[in-house]
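Quick notes on the structure that follows.
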Amino acid sequence: MENLDFGVQTVIKLFEVNGTVLGITTTHINTWIIMAFLIVIALIVRIKIKNFKEVPESRFQNIVEVIVDIFGNFTASTMGEKNRSFSYFYGPVFLFILFSNLSGLVGLRPPTADIATTLALALTTFFMIHGYGVKAKGLGYFKGFLEPMPLLLPLNIIGELATPISLSFRLFGNILGGTIIMGLYYSMMPLILRIGVPAVFHLYFDVFAGALQTLIFVMLSMTFVSSAMD
Amino acid sequence: MSSIFDLLFGWMGKVDPVALVLAFSAIGAGLAMIAGIGPGVGQGYAAGKAAEAVGKNPEGGKSATLVMLLGAAVAETSGIFSLVVAIVMLFANPLVTKQGVGLVIAFSAIGAGLSMIAGIGPGIGQGYAAGKAAQAVGERPKLQSVIVRTMLLGQAVAQTTGIYALIVALLLLFVNIFQ
Chain A
1 MENLDFGVQT
11 VIKLFEVNGT
21 VLGITTTHIN
31 TWIIMAFLIV
41 IALIVRIKIK
51 NFKEVPESRF
61 QNIVEVIVDI
71 FGNFTASTMG
81 EKNRSFSYFY
91 GPVFLFILFS
101 NLSGLVGLRP
111 PTADIATTLA
121 LALTTFFMIH
131 GYGVKAKGLG
141 YFKGFLEPMP
151 LLLPLNIIGE
161 LATPISLSFR
171 LFGNILGGTI
181 IMGLYYSMMP
191 LILRIGVPAV
201 FHLYFDVFAG
211 ALQTLIFVML
221 SMTFVSSAMD
Chain B
231 MSSIFDLLFG
241 WMGKVDPVAL
251 VLAFSAIGAG
261 LAMIAGIGPG
271 VGQGYAAGKA
281 AEAVGKNPEG
291 GKSATLVMLL
301 GAAVAETSGI
311 FSLVVAIVML
321 FANPLVTKQG
331 VGLVIAFSAI
341 GAGLSMIAGI
351 GPGIGQGYAA
361 GKAAQAVGER
371 PKLQSVIVRT
381 MLLGQAVAQT
391 TGIYALIVAL
401 LLLFVNIFQ
């Protein structure tokens with residue numbers, strides 16, 4: 001059995017630091033593909049938005065309004081009505097993670113199966129938690145670290161640092177697990193079993209787990225940020 | 231005393247390192263799958279609670295079953311993590327090509343398997359949450375979306391220690407830590 005490699009492949013080498021090759025990896029390329037996809041959709045909507053009427057006439061406008069509405073209501077019900085505007089951030093994040101997770105369906109290696117992507121998203125959340133906490137409560141926000149008693153300060157700090165780690169690895173672990181199982185399936189099964197049958201696995205590992213983990217990531221991120229604010 | 235340790239560990243130095251790593255990977259893969267206890271118990275509990283909810287209120291039965299299936303699917307996560315670690319050790323073992331002391335690498339395989347046992351906890355806990363959610367939805371089907379959301383949020387947090395276990399297992403398998 002040859003040693004299968006599920007890791008990130010470096011496509012174009014740029015430079016070397018201490019023996020570690022840095023360069024453009026499959027993660028970068030697949031992220032760009034997903035970005036391009038989302039940007040094209042955004043541009044199409046932007047061009048068509050001129051023809052939008054007060055009362056929707058076209059089906060296209062209806063779909064766009066429903067999507068915007070869903071994200072708005074989802075944000076409002078998770079973070080509270082006054083934080084509805086957060087949907088302009090979390091909506092695109094949701095779509096990016098969702099399409100990243102689903103990209104395994106078209107044979108790309110999901111960018112979210114790379115810890116770099118998920119850690120970046122989780123660190124964004126981490127800085128949002130404390131940024132908005134300070135913004136909402138001033139420097140008094142840091143008094144919260146001394147609750148319920150000052151002795152627990154180190155534990156509270158560790159708990160805060162664990163947030164981005166667990167958040168990033170939850171998404172990473174789930175998507176990587178699916179990628180590994182699908183990769184093994186395709187490399188081990190005879191050709192006849194590679195047609196049609198994997199659809200069931202894709203349905204579970206890519207569609208179900210992908211959509212669920214997207215929802216969980218965004219929902220957890222929203223809950224953390226809004227609970228730091230009030 | 232030392233002669234016992236010589237007997238226990240001395241032979242490992244003489245065996246071909248690759249064979250040693252493969253042998254311990256087999257144990258590790260088996261150990262990792264012990265975590266399957268967790269999802270089993272948890273999902274069984276969820277199924278029981280859902281059956282109870284359907285029995286009490288057949289009208290809310292459809293949504294209770296749906297919530298039970300959704301929750302049970304999330305409770306399966308730690309089982310899948312263990313399966314991934316076990317399959318990696320069996321079919322795509324990264325330890326075989328690793329450079330270092332054969333004994334340490336071989337024991338890394340056992341360590342990775344052992345750490346995955348932590349999956350029992352999240353499995354049972356998430357299954358419990360799924361069962362309670364199915365029960366609540368059976369009683370008040372109108373509140374389904376709120377209940378499901380709370381359940382998913384809690385289950386995601388309950389998964390955390392299982393994820394830490396996965397991190398340790400993947401570190402032991404893929405990263406050269408002891409160098």
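Quick note, the sequences are listed as chains A and B, same order. If you read the first sequence in our numbering, its first letter stands for residue 1, the second for the next number, and so on. If you read the second sequence in our numbering, its first letter stands for residue 231, the second for the next number, and so on. The C-beta atom is built at its ideal place from N, Cα and C for all residues, glycine as well.
Kindly indicate if chain B contains any beta-carbon less than 8 Å away from that of A:S221.
Position 221 of the first sequence, counting from 1, holds the residue named residue 221 of chain A. No, A:S221 does not count as interfacial toward chain B.
Give the DSSP bridge partners of B:V248, in chain order.
Within the second sequence, the letter at position 18 stands for residue 248 of chain B. The partner list for B:V248 (beta bridge, DSSP) is empty, contrary to what the question assumes.
Excluding sequence positions up to five away, which residues of its chain have a Cβ less than 7 Å from the Cβ of A:E2?
Residue numbering aside, residue 2 of chain A sits at position 2 when the first sequence is read from its first letter. Caution applies to A:E2, whose pLDDT of 44 falls short of 50 and renders its modelled position unreliable; the model cannot decide the point.
So is A:R59 buried or exposed if we call it buried at 16+ other beta carbons inside 10 Å?
Within the first sequence, residue 59 of chain A is the residue found at index 59, counting from 1. So A:R59 counts as exposed.
Reducing DSSP to helix, strand and coil, say where A:V225 ends up.
Here residue 225 of chain A refers to the residue found at position 225 when the first sequence is read from its first residue. In this structure, A:V225 counts as helix in the three-state DSSP scheme.
Using the C-alpha atoms, what's the distance from B:S338 back to B:L252?
On the second sequence, position 22 is the one that residue 252 of chain B refers to. On the second sequence, position 108 is the one that residue 338 of chain B refers to. For B:L252 and B:S338, the distance between alpha carbons rounds to 11 Å.
Indicate whether at least one CB of chain D lies closer than 8 Å to the CB of B:L383.
Among the protein chains of the structure shown, namely A and B, there is no chain D.
Leaving out five residues on either side along the sequence, give the residues of the same chain with a beta carbon under 8 Å from the beta carbon of A:I115.
As a position in the first sequence, residue 115 of chain A is number 115, starting the count at 1. So the list reads S168, F169 and F172, once near-sequence residues are dropped.
Proximity below 8 Å, CB of B:L344 to CB of B:A259:
Here residue 344 of chain B is taken as the residue at index 114 of the second sequence, counted from 1. Here residue 259 of chain B is taken as the residue at index 29 of the second sequence, counted from 1. For B:L344 and B:A259, no; Cβs fall outside 8 Å.
Contact criterion: CB-CB distance below 8 Å. Does A:N3 meet it with respect to chain B?
Here residue 3 of chain A refers to the residue found at position 3 of the first sequence. At A:N3, the pLDDT of 48 sits below 50, so the modelled position is not reliable; the number obtained from the coordinates is stated separately. It does: the Cβ of A:N3 has a partner Cβ on chain B nearer than 8 Å.
Going by the CB atoms, is the gap between A:Q213 and A:N51 shorter than 8 Å?
As a working note, residue 51 of chain A is residue 51 in the first sequence. As a working note, residue 213 of chain A is residue 213 in the first sequence. No; because the gap between Cβ atoms is not below 8 Å, this pair is not in contact.
Evaluate B:T327 with the Cβ neighbour count: other Cβ atoms within 10 Å of its Cβ, from every protein chain shown; 16 or more gives buried, anything less gives exposed.
For the purposes of this step, residue 327 of chain B is taken as the residue at position 97 of the second sequence. Classification of B:T327: exposed, given that the 10 Å Cβ count is below 16.
Quick check: the Cα distance between A:V11 and A:I29, rounded to an integer number of angstroms?
As a first step, residue 11 of chain A must be located in the first sequence, where it is residue number 11. As a first step, residue 29 of chain A must be located in the first sequence, where it is residue number 29. Within the model, the alpha-carbon separation for A:V11 versus A:I29 is close to 9 Å.
Element boundaries [beta strand (DSSP E), containing A:F15]
The sequence position of residue 15 of chain A within the first sequence is 15, counting from 1. Here the beta strand (DSSP E) through A:F15 covers T10 to V17.
Inter-residue spacing [alpha-carbon to alpha-carbon] between B:S312 and B:S255
Counted from its first residue, the second sequence places residue 312 of chain B at position 82. Counted from its first residue, the second sequence places residue 255 of chain B at position 25. Answer to the nearest angstrom: the Cα atoms are 13 Å apart.
One or two residues paired with A:L22 in a DSSP bridge
Numbered from 1 along the first sequence, position 22 holds the residue referred to as residue 22 of chain A. DSSP output for A:L22 lists A:F15 as bridge partner(s).
Which residue's Cα is closest to the Cα of A:Y88: A:L98, A:I70 and A:L105?
Residue 88 of chain A sits at position 88 when you count from the first residue of the first sequence. Nearest C-alpha to A:Y88: A:I70.
Taking 8 Å as the threshold (beta carbon to beta carbon), is B:S304 in contact with chain A?
Counting from 1 along the second sequence, the entry for residue 304 of chain B is found at position 74. Before going further, note that residue 304 of chain B is Val rather than Ser in the sequence given. So, interface residue.
Mind checking A:M189: buried by the 16 CB within 10 Å criterion, or exposed?
Residue mapping note: residue 189 of chain A aligns to position 189 of the first sequence, counting from 1. When all chains shown are included, A:M189 counts as exposed.
Are the beta-carbon atoms belonging to B:G357 and B:G290 less than 8 Å from one another?
One-based indexing of the second sequence puts residue 357 of chain B at position 127. One-based indexing of the second sequence puts residue 290 of chain B at position 60. No, they are not a contact pair.
Interface positions of the segment 306-328 of chain B facing chain A (Cβ-Cβ less than 8 Å), listed along the chain
T307, I310, F311, L313, V314, I317, V318, F321, A322, N323, P324, V326 and T327
A:D69 lies in the alpha helix (DSSP H); which residues open and close that run?
The count along the first sequence starts at 1 and reaches residue 69 of chain A at position 69. Residues R59 to M79.
Output the residue ranges of the beta strand (DSSP E) runs that lie fully inside the segment 77-116 of chain A and measure 3 residues or longer, sorted by chain position.
none
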